[in-house]
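Scroll down for the structure; my scribbles are underneath it.
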Amino acid sequence: MQKINLKGFDLNELRDFAESINEKPFRGDQIFSWLYNKGVNSFDEMSNLSKDLKEKLHERARIGQLKLITKQQSTKDQSMKYLFQLEDDSQIESVLMFDDNRATLCISTQVGCAIDCKFCATGMMGLNRHLTPGEIIDQVLTTRKLSGQKVTNVVCMGMGEPFHNYDNLMKACELLSDELGPNLAKRHIVVSTSGLIPKIYRFADENHKYRLAISLNATTDEIRSRIMPLNKKWPITELIKAAKYYTKKSDQPVTIEYVLMDKLTDSLEDAKRLKNIVKGLYCKINLIPYNATLGEFKRPEEKRIMQFYEQMRDLNTPVTIRWSKGDDIDAGCGQLAAKA
Ligand code: SF4
């Protein structure tokens, strides 16, 4: 008999499972807490379960877990990058970064990615498969255990387009924010999309309390379509319209991520156009100097980055430069797994 993987089951599913093996539903609550709050990976560690129940669990179920392949500590800051192996031998990565009092984990949502952004190492891999809710949440649980650090924030900006794996992602976010589980504040979970417009509307309509970020990365449809082919289907004006819909529905700002790439997206004209694009949008802007070299894509010199930033300063919207954490450990989107 094939054993059922319980990691990724929500509370109702665990209660149903408990009943299916002739146990009281509250046993499901206990297993939930062991899996997601304490993060154990063995039924034997679940000390408040009877010997009988543990035997039944061993017979019928299992707890899926990520296997650590490598971890790389940045020499420039405390960032740590983890490369994990999944049960089908696929590989994914997660990056833990530290900032003020926060420990932010950047997680993957897919093995590879179908969106094909030309500046991204993951995009070059193509899509292998979606991650399950268990594999998504396990990045937080395993990293927490390996680092001994409480993860306070999660950003879905690792490998994959989160909204392409919408249902599994939302289930994982529910588990992450469950008070019987890791109990992460919903506002501390950021979902970053390259611009899957129908899913932005769905996210807004479903009234999720997680935060939304959009990777804009260019100020003309011509350049954006070249570096992010999905823009041909969902151009900038439509994207901003969807972003406005989200901010109106949620009453929350959207974060606009803008990657500065040398002589491609970092001119002063780009800065002026960007200001125009976000006019009337309730947002924050993150300028992200590109942190790799891939074909024609390079990081701008610091002077150009600062000039761009200065040009944006008179905007009535917070603008920050996100100096990359862990750029010596390939902590850019999909770079470590792509190398592996
Ligand atoms: S940047 Fe994000 S959406 Fe684009 S290819 Fe890379 S992983 Fe996919």
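First residue of the sequence shown: 45, per our numbering; consecutive thereafter. Note that the Cβ used here is the ideal one computed from N, Cα and C, for glycine as well.
Per DSSP, what are the beta-bridge partners of residue i in this structure?
i, result
"LEU149", "LEU140, VAL198"
"ARG188", "According to DSSP, ARG188 bridges with nothing at all."
"VAL298", "CYS327"
"THR119", "Its beta-bridge partners do not exist; DSSP assigns none."
"PRO177", "Per DSSP, none; premise fails for PRO177."
"PHE61", "Partner(s): none; PHE61 has no beta bridge."
Specify the secondary structure class of residue i as computed by DSSP and reduced to three states.
i, result
"LEU256", "strand"
"ALA315", "helix"
"ARG366", "coil"
"ILE284", "helix"
"ALA105", "strand"
"ILE321", "helix"
"SER236", "strand"
"LEU50", "coil"
"LYS276", "helix"
"ASN227", "coil"
"ARG343", "coil"
"GLN379", "Confidence at GLN379 is low in this model, with a pLDDT of 47, below 50, so the placement of that residue should be treated as unreliable; the coordinate-derived value is given next. Reduced to three states, the DSSP call for GLN379 is helix."
"LYS215", "helix"
"GLY83", "coil"
"PHE100", "According to the sequence displayed, residue 100 carries Lys and not Phe. In this structure, LYS100 counts as helix in the three-state DSSP scheme."
"GLN135", "strand"
"LEU112", "strand"
"GLY156", "strand"
"ASN172", "strand"
"TYR126", "strand"
"PRO69", "coil"
I think residue i touches residue j, with their Cβ atoms under 8 Å apart; what is that distance to the nearest whole Å?
i, j, result
"LEU308", "PHE341", "7 Å"
"ILE75", "LYS100", "Going by Cβ atoms, the distance from ILE75 to LYS100 rounds to 11 Å, so no, they are not a contact pair."
"TYR290", "ILE233", "That pair is no contact at about 15 Å."
"VAL184", "VAL198", "6 Å"
"LEU110", "LEU130", "7 Å"
I'd like to know if residue i contacts chain B, where contact means its C-beta is closer than 8 Å to some C-beta of that chain.
i, result
"MET356", "Included in the structure is just one protein chain, with no chain B present."
**Message:** Is it the case that the stretch 92-107 contacts the stretch 127-141, given that we only count it when at least three CB pairs across the two stretches are under 8 Å?
**Reply:** Flag = no, the stretch 127-141 and the stretch 92-107 do not touch.
**Request:** Evaluate contact between the stretch 314-334 and the stretch 256-267, counting only Cβ atoms and requiring at least three cross-stretch pairs below 8 Å.
**Result:** Taking 8 Å as the limit for Cβ pairs, the verdict is that the stretch 256-267 does touch the stretch 314-334.
**Request:** Mind the definition here: the stretch 231-241 touches the stretch 207-215 only if three or more C-beta pairs lie below 8 Å; say whether that holds.
**Result:** By the C-beta criterion, the stretch 231-241 is judged to be in contact with the stretch 207-215, since at least 3 inter-stretch pairs fall below 8 Å.
**Message:** For the stretch 177-188 against the stretch 210-223, do three or more pairs of beta-carbon atoms, one drawn from each stretch, fall closer than 8 Å, so that the two count as touching?
**Reply:** Contact between the stretch 177-188 and the stretch 210-223 is present, because at least three Cβ pairs lie under 8 Å.
**Message:** Whether or not the stretch 343-358 and the stretch 308-325 are in contact is what I'm after, with contact meaning three or more pairs of Cβ atoms, one per stretch, closer than 8 Å; do they touch?
**Reply:** Counting Cβ pairs under 8 Å, three or more are found: they touch.
**Asked** Does the stretch 160-178 come within contact of the stretch 220-236, defined as at least 3 CB pairs closer than 8 Å?
**Response** Taking 8 Å as the limit for Cβ pairs, the verdict is that the stretch 220-236 does not touch the stretch 160-178.
**Prompt:** Taking one C-beta from the stretch 140-149 and one from the stretch 119-126 each time, how about it: are there three or more such pairs within less than 8 Å?
**Reply:** Short answer: they touch.
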